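**Student:** Read in the working numbering, the sequence shown has 399 at position 398, and its numbers run on one by one without any break. Here a beta-carbon is modelled for each residue, glycine too, at the ideal position from N, C-alpha and C. As the structure is a computational prediction, the values presented were derived from the model and not from experiment.
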Amino acid sequence: MQDTRIRLSRRSVLAGMGLVAGGLGLEVMLPARAHAAPMPTSLPAVPTEGLRANVFVHVAPDGVVTIVCHRSEMGQGVRSSLPVLIADELGADMAHVKVVQGDGDEAYGDQNTDGSSSVRKIFDDLRYAGATARTMLVAVAAKRWKVAPTECEARDHAVFHKGTQRALKFGDLASDAAKLKVPKKDAVTLRPRSELKNLGKELPLLDGPDIVTGRAVFGADVVLPGMRTAVIARPPVAGGRVARYDAAKTLAVPGVRQVVELPAAKKPFLFQPLGGVAVVADNTWAAMKGRAVLDVEWEGGDNAVYDSAAYREQLLEVIGKPGKVVRNVGDAEGALAKAAKRVQATYNTPHLAHAPMEPPAAVAKVENGTCEVWATTQNPQAARSEVAKALGIDPSKVTVHVTLLGGGFGRKSKPDYVVEAALVAKAVGAPVRLQWTREDDVRHDYYHSTSAQRLEAGLDANGKVVAWHQRIAFPPIGSTFADTTFAGEGEMGQGIVDLPLAIPDIRMENCEARAHTRIGWLRSVANIYHAFAVQSFIDELAHARGTDPRDTLLEVLGPSRIVTPKDLGVAKVPNYGQLIEEHPVDTARLRRVIERVTGLARWDERKQQGRALGLAAHRSFLSYVAVVVSVVKDADERIRVDEAWIVADAGTIVNMERVRAQMEGAVVFGLSLGLYGAITMKDGAVVESNFRDYRLARIAETPRKIHVDIIPSDGRPGGIGEPGVPPVAPALANAVFALTGTRVRELPLVKTVKV
2 MQDTRIRLSR RSVLAGMGLV AGGLGLEVML PARAHAAPMP TSLPAVPTEG
52 LRANVFVHVA PDGVVTIVCH RSEMGQGVRS SLPVLIADEL GADMAHVKVV
102 QGDGDEAYGD QNTDGSSSVR KIFDDLRYAG ATARTMLVAV AAKRWKVAPT
152 ECEARDHAVF HKGTQRALKF GDLASDAAKL KVPKKDAVTL RPRSELKNLG
202 KELPLLDGPD IVTGRAVFGA DVVLPGMRTA VIARPPVAGG RVARYDAAKT
252 LAVPGVRQVV ELPAAKKPFL FQPLGGVAVV ADNTWAAMKG RAVLDVEWEG
302 GDNAVYDSAA YREQLLEVIG KPGKVVRNVG DAEGALAKAA KRVQATYNTP
352 HLAHAPMEPP AAVAKVENGT CEVWATTQNP QAARSEVAKA LGIDPSKVTV
402 HVTLLGGGFG RKSKPDYVVE AALVAKAVGA PVRLQWTRED DVRHDYYHST
452 SAQRLEAGLD ANGKVVAWHQ RIAFPPIGST FADTTFAGEG EMGQGIVDLP
502 LAIPDIRMEN CEARAHTRIG WLRSVANIYH AFAVQSFIDE LAHARGTDPR
552 DTLLEVLGPS RIVTPKDLGV AKVPNYGQLI EEHPVDTARL RRVIERVTGL
602 ARWDERKQQG RALGLAAHRS FLSYVAVVVS VVKDADERIR VDEAWIVADA
652 GTIVNMERVR AQMEGAVVFG LSLGLYGAIT MKDGAVVESN FRDYRLARIA
702 ETPRKIHVDI IPSDGRPGGI GEPGVPPVAP ALANAVFALT GTRVRELPLV
752 KTVKV
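(1) Taking C-alpha atoms, which residue in Ala54, Phe410 and Tyr312 lies nearest to Arg524?
(2) Evaluate Ala618 with the Cβ neighbour count: other Cβ atoms within 10 Å of its Cβ, from every protein chain shown; 16 or more gives buried, anything less gives exposed.
(3) Check Arg546 in the structure and name its three-state DSSP category.
(4) Would you call the region 177-194 and the region 128-144 in contact, with 3 or more CB pairs under 8 Å?
(5) My assumption, with CB atoms under 8 Å, is that Arg515 sits in contact with Pro566. Please give the rounded CB distance.
(6) What is the rounded straight-line gap between the Cα of Ala244 and the Cα of Ala356?
(7) How would you call Val399, buried or exposed, if buried means at least 16 neighbouring beta carbons within 10 angstroms?
(8) So, is Pro713 buried or exposed, given that buried needs 16 or more other C-beta atoms within 10 angstroms?
(9) Spatial neighbours of Ser690 within its chain, please: CB distance less than 7 Å, with the 5 preceding and 5 following residues excluded, ordered by chain position.
(10) Compute the distance between the beta-carbons of Val65 and Ala130, then report whether it is under 8 Å.
(11) Compare the beta carbon distance of Leu676 and Pro585 with 8 Å and say whether it is the shorter of the two.
(12) What alpha helix (DSSP H) runs, 4 residues minimum, are completely inside the region 501-563?
(13) Taking just the CA atoms, how far does Lys706 sit from Gly240?
(14) State the DSSP-derived secondary structure class of Leu20, mapped to helix, strand or coil.
(15) Unbroken alpha helix (DSSP H) runs of length 4 or more, entirely within the region 137-171: which are they?
(16) So, are the CB atoms of Leu197 and Asp283 less than 8 Å apart?
(17) Determine, using beta carbons only, whether Ala645 and Val629 come nearer to each other than 8 Å.
(18) Using alpha carbons as the reference points, say which of Asp568, Glu314, Gly611 and Val433 lies closest to Gly331.
(19) Taking 6 Å as the limit between beta carbons, can you name the residues of its chain near Glu747, skipping five residues before and five after?
(20) If you run the structure through DSSP and keep just helix, strand and coil, what is Arg313?
(21) Rounded to whole angstroms, what's the CA-CA distance from Leu174 to Val69? Just pull it up for me.
(22) Quick one, which of Ala188, Asp552, Asn656 and Ala423 has its alpha-carbon nearest Phe124's?
(23) Helix, strand or coil: how does DSSP classify Gln663 here?
(24) Mind checking who Ser624 pairs with in its DSSP beta bridge?
(25) Could you check where the alpha helix (DSSP H) with Ile595 kicks off and where it finishes?
(26) I need the boundaries of the beta strand (DSSP E) containing Asn349, first residue and last residue.
(27) Would you call the region 282-296 and the region 246-258 in contact, with 3 or more CB pairs under 8 Å?
(28) Tell me, which residues are paired with Asp650 by DSSP?
(29) My output table needs one value for Phe670: the three-state DSSP class, helix, strand or coil.
(30) Using CA coordinates, which residue listed in Ala488, Phe482 and Leu460 is at the minimum distance from Arg472?
(31) Determine the direct distance from the alpha carbon of Ala266 to that of Ala383, and round the result to whole angstroms.
(32) Under the three-state reduction of DSSP, which class applies to Val754: helix, strand or coil?
(33) When the Cα atoms are used, what is the spatial distance from Gly17 to Leu456?
(34) Hey, which unbroken runs of the alpha helix (DSSP H) at 4 residues or more fall wholly within the region 324-401?
(35) In the DSSP assignment, what residue or residues form a beta bridge with Trp469?
(36) Can the beta-carbon of Ser452 be found less than 8 Å from the beta-carbon of Ala474?
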């Protein structure tokens, strides 16, 4: 394979910032493979001539294959994975493939890049997209040669006759193939997986050249003629509104053009903007300076009384009383009453912010009854419909272009900031870039819910766990969309009703909790607090029994088996939107990752070597992940994470390089949440403002080594982006106990131990 060498000099980088320096050069090795179409202000259209078998694949007469990526790229490598899967099924040579980002359009099906669903839900559908085009090209070649299509094969960007090795290039067949009727799905055959030559390989990052050379277009990089920049002073309390404001000082700032008051948000919040006053200027600096001197007073509304510390105590009271039973097997209360020993613990987790590297941003142009948007969005279809609703126009009049995302973690699937851009652009009569700052992002997020859980287990005379009782309370995500105070089925399906336990008597209860801010999904969602409570408690049970935590975990999970809804004591398992028959709860897979990760970490040798290790495992998004964390004390007696091991069984892997990167990122993400992550609220407003007080793990605080192991599998694909997160914090907490004897029952750890 040839390599394209791009030489970046230190001088060229610094010169771009207005500085001059010389010396150091950086040479980046990039395979001469597929290329990403540039993302300017007007995205390139898919060619009209040639074969367009479906919305995903186009084969031009010149041989260029254009593949549309309909999901959003935010570092997970979706633009480097999904198109390769389609190309492999087609038989295309990636050197002649161009990848184009799809706009928001229902024609693509589900475009929401969320829930670790980009591969697991559409793996076969994307293969059929490539196979359909292949079938049509083969049909044309077979007709020209007067042979049966079964005598032909598509590979290396051409169709070959197996017997004579005659070949016709894709481009030479495209125009005639376009005249054929598109075959139905049942008339199309997928290749044997052995012929998908890139499946599971370490694939190059398609957008890498643009990212390292500065050509990549993120939300804030889009520039339109006559564009202005806006920032918004939003109510500090969710549901608050402007009481009064005076813009005299703001309008006196050079570069500020005008101010625009936005409508206040009404409950339920949905994807509405929070309201407030937008400051519109010629540039970002002027807009921010103008906002800083805006004289504004706020009405707090119903949520102005919210105090997260006091609410924590309320949740603890709630889980002290019975709730709605969501899972019941046997008689847990009776078994607890008869138990030789009872173990009980409560666990708390705080609100969390998404904190992506790139704060939300969107550019909007409203004219002649239409709206065109460029946005760093995970959910372009929702952005399209919400903009249309806010402007009072038909969704067909709204176009949403998707830029690259500098991280998302679920925040950018809520398009409130896109609606803000459209409303301000309409008000000022010019294109507007709506920019959030880091402080905006921290203080006006859709927060991950705070939670409290009470767990109690009964042990018999031999130390066997015979009863399990669990109560859970947290303001549900559904509260953002309706007046509800109980967690939904989907949230209970993330480590509660689907939790495999080889315990004869189990009772789990969903307790009421009212939200006082916007609650949203964050990377791995309810699995974060469910895994923290369950995996920490199992470690506590091991200590109470005097047994090894790994052995206790394996015993509580039970033997290798497929666990049915009936076994779980529930009518159904939500199962992340996929059939339980296709993705069953399989304890063999969970046991395998536990055994493998402890083997890699040399778990059995830890005491002889004086190492403090913590273990946790969890099934989420149809994947199975186990984590071991090693902790030490530094010279200042602070806890430091020394090393981490993560093993995943996610079924079929498309792009191994990105999977490893996602697992490494999950460890760092999980450590950030476990060590420091906490949003606190006083008088309804967020106390934290930036990375100085909403801490993320710094380089020196991350493990010196993160070992990633992916179990090979031909099984159905599971999720990747989120499943690595849930086991990290409990593994960390369990390691801290192993080192110090201090039990961590509340996150972040900084509240309990010196870190």
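**Tutor:** In short, the structure shows the following:
(1) Phe410
(2) buried
(3) helix
(4) yes
(5) Going by Cβ atoms, the distance from Arg515 to Pro566 rounds to 30 Å, so no, they are not a contact pair.
(6) 29 Å
(7) buried
(8) exposed
(9) Glu440, Val443 and Arg444
(10) no
(11) no
(12) 528-546 and 550-558
(13) 45 Å
(14) Reliability of the predicted coordinates at Leu20 is poor, the pLDDT of 31 falling under 50, and the value obtained from them is presented with this limitation in mind. Coil.
(15) none
(16) no
(17) yes
(18) Asp568
(19) Asn349
(20) helix
(21) 20 Å
(22) Asn656
(23) helix
(24) Ser621
(25) Thr588 to Leu601
(26) Lys342 to Thr350
(27) yes
(28) Tyr625
(29) helix
(30) Ala488
(31) 18 Å
(32) coil
(33) Only weak support is given to the placement of Gly17: the predicted model assigns it a pLDDT of 37, under 50, and the value that follows is read from those uncertain coordinates. The alpha-carbon atoms of Gly17 and Leu456 are separated by roughly 57 Å.
(34) 333-339 and 381-392
(35) Ala458 and Ile507
(36) yes
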